[in-house]
Amino acid sequence: MKYLVFVLAGGSLLASEAHAQLGVRAGANLAYLHENFSRNAFATSTIARVGYQVGVYYELPLGKHWALVPEVQFSRESQQLRKEGVGYSTYFINDGSFLIHDYQASFSYLNVPVLLRRSIGPAYLEVGPQVSLLVGGQGSGETRHVADSPYYNGFYVTYEPINQAATAYYNRWDAGVCLGAGVRLPAGWGAGVRAYWGASSLTGDPKDYQYAPNVMPVAGRQYRRTVQASLTYRLRSGKAAAI
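In our numbering, the protein residues as written are 1 to 243.
Here you go:
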């Protein structure tokens, strides 16, 4: 909640210092963690979950059809992850067992995109960089250890809870590129979609064998991908072009 207050307060400050048009943006998102390399025996699958975002922005005109649109946004993102791989004994020998990590990872980000917008009638296209700060998040679920091995005198299954803070395992800063499109509607309303492509890895490249409670992050380098759909509403009218 305190980050939402920060976002709204930041928007009020922007409006007071710039002769621009202030607006609010809110909507839903889908987030996905892209893994491009893995060094261990785990296979990882990710299912995007619906999250939300809320923010404030203003449009600073640069000409008849161009504008600069900074934004401060709070984004809550979530995905379901499953890691599957072989188990190892104390001496890192394949013991014939199998590990399944099932958990939901949620992330809270403060996003600051700065977009260059090109108007085409009531519609517009926008592109620009975004910097994000990870301010919270959690990984919650369980690990199942399935074994049918002479090491364990037969078949058995054990369960261990997963409860980890995202800020302890993921890089706090992220940066990438946004690309979006939208349309201006009557009475100050608008609608838009935006995609974000993270260019900096959220993780290092962990080489160590991973077992609960050290499940987050998954092996390999991970990059953040999000798609947002939002409604916008103009709060302040000035000399800037309408949003």
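Positions of the beta carbon are idealized from the N, C-alpha and C atoms, including for glycine.
Between which residues of its own chain and residue i is the CB-CB distance below 7 Å, once the five residues before and five after are set aside?
i	result
His65	Arg118 and Ser119
Ala48	Leu30, Ala31, Tyr32 and Gln79
Can you give the Cα-Cα distance for residue i and residue j, rounded to whole angstroms?
i	j	result
Thr46	Gly63	43 Å
Arg221	Gly198	12 Å
Thr158	Leu81	19 Å
His101	Arg144	6 Å
Thr232	Asn163	36 Å
Ala241	Ala26	With a pLDDT of 39 at Ala241, under the threshold of 50, the modelled position of that residue is not reliable, and the figure given next carries that caveat. When rounded, the distance between both Cα atoms is 21 Å.
Trp173	Leu134	6 Å
Lys161	Leu110	Just to set this straight, residue 161 is Pro in the shown sequence, not Lys. When rounded, the distance between both Cα atoms is 29 Å.
Ser230	Tyr32	18 Å
Gly190	Ala67	16 Å
Glu142	Arg225	25 Å
Ala168	Ala187	45 Å
Gln79	Gln138	11 Å
Val24	Lys83	38 Å
Gly180	Val69	12 Å
Thr44	Phe74	28 Å
Val71	Gln228	Note on identity: in this sequence residue 71 is Glu, with Val being the wrong assignment. Glu71 and Gln228: Cα-Cα distance of roughly 14 Å.
Gly192	Ala166	29 Å
Ser200	Val127	18 Å
Note down, in chain order, each residue of its chain lying with its Cβ closer than 6 Å to the Cβ of residue i, except the 5 sequence neighbours on either side.
i	result
Arg76	Gly51, Tyr52 and Ser108
Pro122	Val183 and Arg184
Val54	Ala26 and Phe74
Gly136	Ser108
Ser106	Ser78, Gly137 and Gln138
Arg194	Cys178, Gly180 and Gln228
Pro213	Residue placement at Pro213 is poorly supported in this model, since its pLDDT is 45, which falls under 50; the coordinates are not used for a value here.
Just verifying my parser: in three-state terms, what is the DSSP assignment at residue i?
i	result
Gly190	strand
Ala48	strand
Ala168	helix
Lys83	strand
Pro122	coil
Ser201	coil
Asp208	For Asp208, the predicted model reports a pLDDT of 45, less than 50, meaning its position is unreliable and no value from the coordinates is stated.
His101	strand
Gly137	strand
Gly55	strand
Spatial neighbours of residue i within its chain, please: CB distance less than 8 Å, with the 5 preceding and 5 following residues excluded, ordered by chain position.
i	result
Pro129	Pro113, Val114, Ala175, Gly176, Val177 and Cys178
If you follow the beta strand (DSSP E) that residue i is part of, which residue opens it and which one closes it?
i	result
Tyr233	Gln222 to Arg234
Leu185	Run containing Leu185: none; DSSP gives neither H nor E here.
Leu33	Gln21 to Glu35
Rounded C-beta distance between residue i and residue j? I'm assuming under 8 Å.
i	j	result
Tyr223	His34	5 Å
Asn171	Leu202	5 Å
Ile58	Ala20	Note that residue 58 is Tyr in the sequence shown here, rather than Ile. Confirmed, Cβ separation roughly 4 Å.
Ser140	Gln104	6 Å
Leu235	Leu22	5 Å
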